[in-house]
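Residue numbers (the numbering used here): 45 to 307.
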Ligand code: V0D
């Protein structure tokens, strides 16, 4: 039975896929990958399951992709887990979503520590339930001395509001004489954003066929390569990540050569 399966897999080409995955590290790996994890509700609907079942499956996918990113030597993985718009969803669904960080960390934190992952969070955390922030804060503290993959969750995050908050902070520092207005430039402004300790994303992935940014990292994505796929987030796996990174590598190779998109 096992041999039959192996034979079938070989015919399907999954062995050559494994080779493709191994080939990735021979070319530049994006240092920072940001993902808009869309399509969990649609995944559930296709199976006549409640939306929350899709969110739960999406959570398992977060674990899978974190592991793969870490294996590839990605430095930072930023995941859009909850946007400021998501509060408009049914109360029950929001309550379910808010329990996912606790469940995720309850299950996977020991493995993340084992794998040297650093958990981080960005967003307006004040509005989140205290149990949610408590679980994430604990995870951040317990992983702060790790120096492997930075797993950065965007929770109650909105990019325009992040930019406005930064602007107010800059203004305050100018008023207090901490900063001279002539010093303000892109680098200085970046240091006021929630991503101040991170490099800008090299690759943005959005799943589930939507081709927009939905208020995600507007400033930080200025020079980022975009990869959009119709695959739903719970179905996003090793092959899809490979495809996204291959697309990125194909593009950065072109730029590295002639500084031109034609050739
Ligand atoms: C649902 C697909 C992991 C997107 C992924 C509160 C929607 C699964 C977390 C998580 C969510 C967050 C912080 C943390 C550890 C885990 C998560 C939310 C939604 C929103 F420290 N998955 N996940 N958080 N989904």
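Ideal placement from N, C-alpha and C gives every residue a C-beta, glycine not left out.
Exercise. Using the Cα positions of residue 64 and residue 91, report the straight-line distance between them to the nearest angstrom.
Key: If I take the Cα positions, the gap works out to 31 Å.
Quiz item: Under the criterion of a Cβ to heavy atom distance below 7 Å, does residue 93 qualify as lining the ligand V0D?
Solution: no
Exercise. Output yes or no for whether 8 Å exceeds the beta carbon distance between residue 276 and residue 87.
Key: yes
Quiz item: For the candidate residues 193, 154, 51, 95, whose alpha-carbon lies nearest to that of residue 116?
Solution: 193
Quiz prompt | Residue(s) in a DSSP beta bridge with residue 118 | solution = Answer by DSSP bridge pairing: none, since residue 118 is not bridged.
Quiz prompt | residue 227, DSSP secondary structure in three states | solution = helix
Self-check item: Best match in 94, 172, 68 for proximity to residue 283 [C-alpha to C-alpha]
Solution: Closest by alpha carbon: 68.
Quiz prompt | residue 136 CB to nearest heavy atom of the ligand V0D below 7 Å | solution = no
Quiz item: Three or more beta-carbon pairs under 8 Å between the stretch 215-235 and the stretch 177-194, yes or no?
Solution: no
Quiz item: Taking C-beta to C-beta, are residue 200 and residue 168 nearer than 8 Å?
Solution: In this structure, the beta-carbon distance from residue 200 to residue 168 falls below 8 Å.
Quiz prompt | Below 5 Å from a heavy atom of the ligand V0D - residues by beta-carbon | solution = 81, 99, 102, 103, 106, 125, 126, 141, 144, 145, 148, 180, 197
Quiz item: Would you say residue 80 and residue 118 are within 8 Å of each other, going by their C-beta atoms?
Solution: no
Practice problem: Under 8 Å Cβ to Cβ from residue 103, same chain only, skipping five residues before and after it: list those, please. | Solution: 144, 147, 148
Self-check item: Cβ-Cβ distance between residue 114 and residue 161 below 8 Å
Solution: Note that the C-beta distance between residue 114 and residue 161 is below 8 Å.
Exercise. Helix, strand or coil for residue 235, going by three-state DSSP, please let me know.
Key: coil
Quiz item: In angstroms, rounded to a whole number, what distance separates the CA positions of residue 173 and residue 139?
Solution: In a straight line, the C-alpha of residue 173 is about 9 Å away from that of residue 139.
Quiz prompt | Contiguous beta strand (DSSP E) assignments of at least 3 residues, all confined to the stretch 92-172 | solution = 120-127, 162-166
Practice problem: Inspect the beta-carbon positions of residue 40 and residue 245 and report whether they are closer than 8 Å. | Solution: Because the chain here runs from 45 to 307, residue 40 falls outside it and cannot be looked at.
Quiz item: What is the DSSP secondary structure of residue 63, reduced to helix, strand or coil?
Solution: helix
Exercise. Taking residue 183 as part of the alpha helix (DSSP H), name the residues at either end of that continuous run.
Key: That run of the alpha helix (DSSP H) goes 174-187.
Quiz item: Where residue 239 and residue 166 are concerned, what is the direct C-alpha to C-alpha distance, given to the nearest angstrom?
Solution: 8 Å
Exercise. Determine the direct distance from the alpha carbon of residue 286 to that of residue 62, and round the result to whole angstroms.
Key: 10 Å
Self-check item: Cβ distance (whole Å) where residue 249 is taken to contact residue 288 below 8 Å
Solution: With a beta-carbon spacing of about 5 Å, residue 249 and residue 288 fall inside the 8 Å limit used to define contacts.
Quiz item: Skipping 5 residues on each side, what residues in its chain have a beta carbon closer than 6 Å to that of residue 293?
Solution: 71
Quiz prompt | Environment of residue 179 [buried if 16+ CB atoms lie within 10 Å] | solution = buried
Quiz item: Alpha carbon to alpha carbon, what distance is there between residue 260 and residue 205?
Solution: 10 Å
Quiz item: So the alpha helix (DSSP H) residue 215 belongs to, where does it begin and stop?
Solution: 203-219
Practice problem: Starting from residue 256, trace the alpha helix (DSSP H) both ways and give me its first and last residue. | Solution: Here residue 256 belongs to no alpha helix (DSSP H), and DSSP marks it neither H nor E.
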